[in-house]
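**Student:** Handing you a structure now.
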Amino acid sequence: MSDQPIKLRTGMLDGKRIAYSTETVFLVQVSRGKGSYETRYKLVGNLAQAVIYYNGINIRAPFNKRLLMADSKNPVLARQKGT
């Protein structure tokens, strides 16, 4: 925890409004096929940076990638399968 106060923020992702705070953890994960996901990036309090990292990962079959907002009721914000 930092000495800064927690601020609430909102952002848009694929036409959906996402509410988060400066302490929210975003995970960018990659998997090979049907296996378990491995976290590539962990970002705190910055949805825009998490989306940039997510979009920066190029995948093809059989890889998959997803963007998660940890500690959320519906944590998966975006998912893409390799083609």
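The letter at position 35 of the sequence shown is residue 503 when you use the working numbering, and the numbering goes up by one with no holes.
Even for Gly, the Cβ is constructed at its ideal location relative to N, Cα and C.
Predicted model only: the values in this text are computed from it and were never measured.
Using 8 Å as the Cβ pair cut-off and three pairs as the minimum, do the region 520-530 and the region 473-484 touch?
**Tutor:** Contact fails: fewer than three Cβ-Cβ distances are below 8 Å.
**Student:** Pull up the DSSP beta-bridge partners for residue 512, would you.
**Tutor:** BP columns for residue 512 point to 493.
**Student:** How far does the beta strand (DSSP E) with residue 477 in it reach, from first residue to last?
**Tutor:** Unbroken beta strand (DSSP E) run through residue 477: 476-481.
**Student:** Taking the alpha-carbon of residue 493 as reference, which of 513, 481, 480 has the nearest alpha-carbon?
**Tutor:** Closest by alpha carbon: 513.
**Student:** DSSP puts residue 536 in a beta bridge; with which residues?
**Tutor:** 495, 544.
**Student:** Return the chain-ordered list of same chain residues with a C-beta closer than 8 Å to the C-beta of residue 506, the five sequence neighbours on each side being excluded.
**Tutor:** If we look at residue 506 and ignore the five residues flanking it on each side, its Cβ neighbours are 497, 498, 499.
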